[in-house]
Amino acid sequence: MDELPGELMYTSEHEWLRREEDGSVIIGITDHAQSALGDLVYVELPEVGQELDVGGDMAVVESVKAASDVFAPIAGTVVAVNEELGDDPEKINVDPYGDGWIVKIQPGGEIDDGELLAPGAYQTLLDEEDA
Amino acid sequence: MGSRTSLYDKHVDAGARMVDFGGWDMPLHYGSQKEEHHSVRNNAGVFDVSHMTIADLRGNDVRNFLRQLLANDVAKLQESGKALYSAMLNEAGGVIDDLIVYFMNESWFRLVVNAATREKDLAWIRRAAESFDVDVSECVDFAMIAVQGPNARELAASCIGGEWREQALALKLFTAMEAGDVFVARTGYTGEDGWEIVMPEARVGEIWDQLLASGVAPCGLGARDTLRLEAAMNLYGTDMDESISPLEAGLGWTVAWDPADREFMGRAALEAKKKDANKQRFIGLLLEDKGVLRNHQRVVVDGIGDGEITSGGFSPTIGRSIGLARLPAGDYERAQVDVRGKLLNVRIVKTPFVRNGQIQIEL
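Pasting the structure below:
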C-alpha cells in the first residue's frame, strides 16, 4: 500500500480522519502504523456515547508483541465503533483505510485543523522518519 | 549496529524486519509473524539461532565436572549423542541459565547456552572447571539454525549431505550426531519435532537457500516467542533469573535429586526450598475474557494474594491469550489479572498449551 488516500487527513500519531456528509468523522490508523505494529490480535474500543477530548484515550490496538494506545485526534462524542474488529482485528492490517476503520465521532464543535496533516505533509513526515 | 550472524544478508534479502536482540541484529519477522508461527505448526520453519553460545568441554574429567555443575545429572547420558535439558544453579539455588548438554564421548560434552548470558555463563563454567581436568572451548566461526515442524526433518535431510541422510533421520528425540562437518541434534524450542543444526559459517548460506527452496518458511524471533510460549518452554531472563530457583520456575522436573550423594552446585539451598510449603507455583494461564496478557501484569488470587505474569502473550494456534505466571502457594484453579486497570478472569491450565500441532488444554 504505497499511495496515501487523497481524501483523508492525517495526524503525526499515524491516524487518519475522513469527514462524512453528516458532519461525523471516521477515524483509523494508517498503513504505516499497522505495519509497525504487526499482526493485530485484539482491539479495545470505546463505548458509543463516550465523550472524547483531544489527545485522550480512544482505543487500544494490541499486536502479539505490545499494546498501543490510539488517542483521539479531535474532541467529540463516539457515535459508532467498528464491532467487526472484535472477532477480526486483522481487518486493520489488511484494509487500514477501509474495513479497518476504528471509531466514528461527532465532533464537539469546529475541528481545529491546525494539528491535522494533508496527505502531502503526512507523507513528508513518513519520509523524514525513514531517512 | 549490533553483532551480525552470517545469515544477516539473507534475512534482509528475504524482507526481514530486523531488531536488536541482546546486542545482535536479528529478524523479528519476514512479513507476518503469525504466518511464520502457523508454518512451523503445520509444515516447517527455519530459525537463525547462530547468536547462541556453544561451549565444548573436553578432557578426562568432564563427566564428573558436569555432575557437579548441573542440577540435572549427566549420568543419564550413556549413549553417544544423548542430550538433556538442565538448569545451572548458583550457591543459593538460583538459576544462572538453562541449557542443553550433549554427551558425545567420555572426553567431549557439548553445551548450548543462551546468547544473552554468554559472558556470565562462560566465566562461571571456566571458574568451576579450574579444579578439574577439563578444557572449556567456545565454538567460533559456526552458524546454527533450527528447522522445526512436522515436515522439518524430512525437508532438512536433503541439505545435510546424502551419505548422512538415513542416519540423521533415524536420530531419536534429544539425540545428536556428527554428519561430516555438520552437527545435527533432534532438539528444539517450539514444541514441534525438528532439528537444530550447527555447521561451519561458510556452509550456512547455501543450506539456508536450499531449505527455503524446498518450502521451509524463514521464521523470526516473533514466531519463536509465540511458539515457545505455546509449548510452555521457559525463556531465561523472563520466566526465571538468578533470584529464582528451578522449583519456582516450573523446572523441578529437571532437577535430579537421586543419587542423594551427588553434590551439585546449589543442592543444599534447593533441598531447603523443596521443604518450603510457601514456595510459589509456576503455572500456565488461559485468559477467559477478551484481551491480551502481558509480562509483569499483576495476578490476583482471591483470599490468598498476588502473583505475576512472567511471560504473557497471544497464542496464534489457539486464538486466545495465554501466559506463564508465578503465583502464591495454594490449591486454586482460577484467578484474575490486572490488565490496564481492569480485572480479567484467567483459568490455570496444565501446560503445554500446544504440542505437535495439537491444542492440549481444554478451552
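Residue numbers (the numbering used here), protein chains in the order written: chain A, -14 to 116; chain B, 1146 to 1508. All residues carry an ideal CB built from backbone N, CA and C; glycine is no exception. Values in this document were obtained by computation on a predicted structure and should not be read as measured data.
Task: Which listed residue (VAL1219(B), ASN1250(B), VAL1446(B)) has its alpha carbon closest to that of GLY1226(B) - done: ASN1250(B)
Task: Supposed contact pair ASP1266(B) and ASN1379(B) - C-beta distance, whole angstroms, cut 8 Å - done: No, ASN1379(B) and ASP1266(B) are not in contact; Cβ-Cβ is about 16 Å, not under 8 Å.
Task: Pair within 9 Å by beta-carbon distance, GLY1294(B) and ASP1354(B) - done: no
- [ ] Go through its chain and collect everything with a Cβ distance to ASP1278(B)'s Cβ below 7 Å, but skip five positions before and after it.
- [x] GLY1204, ASN1205, ASP1206
Task: C-beta contact flag for VAL1240(B) and ALA1228(B) at 9 Å - done: no
- [ ] Pick helix, strand or coil for THR109(A), following the three-state DSSP scheme.
- [x] helix
- [ ] Would you mind listing the alpha helix (DSSP H) stretches within the region -1 to 33 of chain A that are 4+ residues and don't spill past its ends, in chain order?
- [x] 16 to 22
Open item on the list: Beta-carbon within less than 7 Å of GLY1176(B)'s beta-carbon, same chain only, minus the 5 sequence neighbours each way: which residues are those?
Closed with: GLY1160
- [ ] Find the residues of chain A that neighbour GLY1365(B), judging by a C-beta separation of less than 8 Å, and give them in chain order.
- [x] Near GLY1365(B) there are no residues of chain A at all, since even the closest Cβ is about 10 Å away, more than 8 Å.
- [ ] Note down, in chain order, all residues in the region 44 to 57 of chain A with a beta-carbon under 9 Å from any beta-carbon belonging to chain B.
- [x] VAL45, GLU47, SER48, VAL49, LYS50, ALA51, ALA52
TODO: May I ask you to verify whether the region 87 to 96 of chain A touches the region 59 to 73 of chain A, counting CB pairs closer than 8 Å and requiring at least 3?
DONE: yes
Open item on the list: Within 9 Å of any Cβ in chain A, is that where the Cβ of HIS1441(B) sits?
Closed with: no
Task: Option nearest VAL1343(B) by Cα separation, candidates MET1171(B), GLU1393(B), VAL1292(B), ALA1413(B) - done: VAL1292(B)
Task: Those runs of the beta strand (DSSP E) which lie wholly inside the region 1176 to 1249 of chain B and span at least 3 residues - done: 1190 to 1193, 1198 to 1204, 1228 to 1234
Task: Range covered by the alpha helix (DSSP H) that runs through GLU100(A) - done: Unbroken run through GLU100(A): none, as it is neither H nor E.
Task: Identity of the residues DSSP links to ILE1493(B) by a beta bridge - done: LEU1430(B)
Open item on the list: Looking at chain B, is there any beta carbon in it that lies within less than 9 Å of the beta carbon of GLY71(A)?
Closed with: yes
- [ ] Counting only the same chain and skipping the five closest in sequence on each side, list residues whose C-beta sits under 7 Å from that of TRP1269(B).
- [x] ILE1241
Open item on the list: Tell me the residue span of the beta strand (DSSP E) that contains HIS1174(B).
Closed with: 1169 to 1174
TODO: Please classify GLY1502(B): does DSSP put it in a helix, a strand, or coil?
DONE: coil
Open item on the list: Is there a Cβ of chain B sitting closer than 9 Å to that of TYR82(A), yes or no?
Closed with: no
Open item on the list: Considering Cα atoms alone, identify which of GLN1481(B), PRO1473(B), ASP1447(B), ASP1421(B) is closest to LYS1435(B).
Closed with: GLN1481(B)
- [ ] Following the continuous alpha helix (DSSP H) through GLY1458(B), name the residue where it begins and the one where it ends.
- [x] Unbroken run through GLY1458(B) is the beta strand (DSSP E), 1450 to 1460; no alpha helix (DSSP H).
Open item on the list: Is it buried or exposed, SER1282(B), if we count other Cβ atoms within 10 angstroms and call 16 or more buried?
Closed with: exposed
Open item on the list: For chain B, check one thing: does any of its Cβ atoms lie closer than 9 Å to the Cβ of GLU29(A)?
Closed with: yes
Open item on the list: According to DSSP, is GLN91(A) part of a helix, a strand, or is it coil?
Closed with: strand
TODO: Leaving out five residues on either side along the sequence, give the residues of the same chain with a beta carbon under 7 Å from the beta carbon of THR1496(B).
DONE: ALA1377, GLY1429
- [ ] Identify which residue in ALA1401(B), ARG1186(B), VAL1327(B) has its Cα closest to the Cα of PHE1498(B).
- [x] ARG1186(B)
TODO: For ALA109(A), count neighbouring C-beta atoms within 10 Å of its own C-beta (all shown protein chains included) and say buried if the count is 16 or more, exposed if not.
DONE: Note on identity: in this sequence residue 109(A) is Thr, with Ala being the wrong assignment. THR109(A) is exposed by the Cβ-count criterion.
- [ ] Consult DSSP for GLN1481(B) and reduce its assignment to one of helix, strand or coil.
- [x] strand
- [ ] Answer yes if the region 1293 to 1312 of chain B comes into contact with the region 1248 to 1262 of chain B, meaning at least three C-beta pairs across the two stretches below 8 Å, and no otherwise.
- [x] no
Task: Start-to-end residues for the beta strand (DSSP E) that takes in SER1303(B) - done: Run containing SER1303(B): none in the beta strand (DSSP E); it sits in the alpha helix (DSSP H), 1297 to 1305.
Task: Three-state class that DSSP yields for THR1383(B) in the structure shown - done: coil
Task: Cross-strand partners of GLY1360(B) (DSSP beta bridge) - done: Looking at the DSSP assignment, GLY1360(B) forms no beta bridge with any residue, so it has no partner.
Open item on the list: Looking only at its chain, what residues have a beta carbon closer than 6 Å to the beta carbon of ASP1170(B), apart from the 5 residues adjacent to it on each side?
Closed with: GLY1147, ARG1149, MET1163
Task: Pairwise C-alpha distance: VAL46(A) and ASN1188(B) - done: 30 Å
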